[in-house]
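K.L.:
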Amino acid sequence: MAPSEEEAPPQIIDCIPLIEAATKQKEEGNSAVKRKAYSDAVTSYTHGISILDKADGHPILRTEGQQMVELKAVLYSNIAQCFLSQELYRRAIESADSCLQLDPSNAKALNRRSLAFEAIRSYAPALEDVLALQQLGGGGLSAESLAERAASLRAKQEEVERAAKEEADFKADDPIGMAMVNVKERFDEVVEKYDLRDGEAAGEVADWLTSGEWDVTPKRIAQRFKMEEEDAQVFLAWIAQGLDFKIKNAEAQAQAAGQSPAPSLVEASG
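So for the sequence shown, our numbering puts the first residue at 2; every next one is plus one.
(1) Return the chain-ordered list of same chain residues with a C-beta closer than 6 Å to the C-beta of P126, the five sequence neighbours on each side being excluded.
(2) A152 and L72 - do their beta-carbons sit closer together than 8 Å?
(3) Cα separation between G204 and Q26?
(4) Given that a residue counts as buried once 16 or more other Cβ atoms are within 10 Å of its Cβ, and exposed if not, what is Q1?
(5) Given a threshold of 16 other Cβ atoms within 10 Å of its Cβ, counted over all protein chains shown, does Q68 qualify as buried or as exposed?
(6) Let me know the alpha helix (DSSP H) ranges lying completely inside the segment 205-256, each 4 residues or longer, listed in chain order.
(7) If you follow the alpha helix (DSSP H) that Q102 is part of, which residue opens it and which one closes it?
(8) Could you give the residue range of the alpha helix (DSSP H) that holds I20?
(9) Compare the Cα-Cα distances from I13 to each of H59, D54, V34 and report the closest residue.
(10) If you draw a straight line from the C-alpha of Y90 to the C-alpha of I80, how long is it?
(11) Mind reading off the beta-carbon distance from R114 to V131? Whole number of angstroms is fine, and I expect it under 8 Å.
(12) Measure the C-alpha to C-alpha separation of I17 and L142 and round it to an integer number of angstroms.
(13) Taking 7 Å as the limit between beta carbons, can you name the residues of its chain near Q158, skipping five residues before and five after?
(14) Please report the straight-line C-alpha distance between E21 and K185, rounded to a whole angstrom.
(15) Once DSSP output is grouped into helix, strand and coil, what is the label at L197?
(16) Anyone know if the C-beta pair for A233 and A241 falls short of 8 Å?
(17) Would you kindly work out how many angstroms separate the C-alpha atoms of D208 and A255, rounded to a whole number?
(18) Rounded to the nearest angstrom, how far is the Cβ of S86 from that of C100, given a contact under 8 Å?
(19) Using 8 Å as the threshold, is the C-beta distance between K109 and G138 below it?
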């Protein structure tokens, strides 16, 4: 049996054409940013990343590999800026994360992520990024501006913590009242979700409850207003609570005036 031939070492691929093509995509993206065509810019930057990804799994020269990592980090950072300009803050954070995984000291990505975190009121991580920028020497931002941002973010975070403590105390002191607040917030979300702001749907459900002619259930409401049954349950709960409050208030006024209270409309509805 003939001796097996030694396998040839894997051939190192030339990454220069990939780098040049990705750089061209970056330049096209930059031109789109100047026109404020941010979606077009994201497309160009993303295409540039895809070009560089073609070298994954292949042997390459170390210097070219480093160039590709640096270029890919810049492309991700630029995408983060585009999303920031479009007020797509969570996407901006994700893109900045991708950049910082490749280049942890990328000052632009840290700043952009910090701004995005602040926009969604995540003040603690926003502050962490500002402090990281200060450790890096500012990354082109003045020490004074970073100090002001850090102070502002600390104040906002303290306010969030204070509000959270007050809410926790309120829940402990008045769990029923807090439950009402939570139901009202969910009711408002349902109204917004299904565009029921004119109040006609709520009025119709209230009529059902007060007439006692219908077996008013979340399923019936979901079918009538084409909403999910879970949302219908919230919708019904808030209207029923509102009616119950009115009835109890009327009972209290009637008792104060020495009159017989009216029967509970909500209870009569089943």
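For every residue, glycine included, the Cβ atom is placed at its ideal position computed from N, Cα and C. None of these values were measured; they are calculated from a predicted model.
P.N.:
Answer, in terms of the structure:
(1) The residues F118, in chain order, have a CB closer than 6 Å to that of P126 in the same chain once the five nearest residues on each side in sequence are set aside.
(2) Their beta carbons are not under 8 Å apart, which means L72 does not touch A152 by this criterion.
(3) If you take the alpha carbons of G204 and Q26, they lie about 56 Å apart.
(4) With the chain covering 2 to 271 only, the question about residue 1 has no answer from this structure.
(5) Q68 is buried by the Cβ-count criterion.
(6) Whole alpha helix (DSSP H) segments, 4+ residues: 219-226.
(7) In this chain, the alpha helix (DSSP H) harbouring Q102 covers 90-103.
(8) Annotation for I20: the continuous alpha helix (DSSP H) segment containing it runs 17-35.
(9) Proximity to I13 across H59, D54, V34 peaks at H59, based on C-alpha coordinates.
(10) Across the structure, Y90 and I80 are spaced so that their CA atoms are roughly 11 Å apart.
(11) 10 Å between Cβ atoms; not a contact.
(12) When rounded, the distance between both Cα atoms is 33 Å.
(13) Its chain contains Y124, A125, L128 as the residues whose beta carbon lies nearer than 7 Å to that of Q158, once the 5 sequence neighbours on both sides are disregarded; these appear in chain order.
(14) If I take the Cα positions, the gap works out to 57 Å.
(15) Correct three-state label for L197: coil.
(16) Cβ atoms of A233 and A241: not closer than 8 Å.
(17) Cα to Cα, D208 sits roughly 22 Å from A255.
(18) That belief does not hold up - the Cβ atoms of S86 and C100 are roughly 16 Å apart, past 8 Å.
(19) Going by C-beta atoms, K109 is not nearer than 8 Å to G138.
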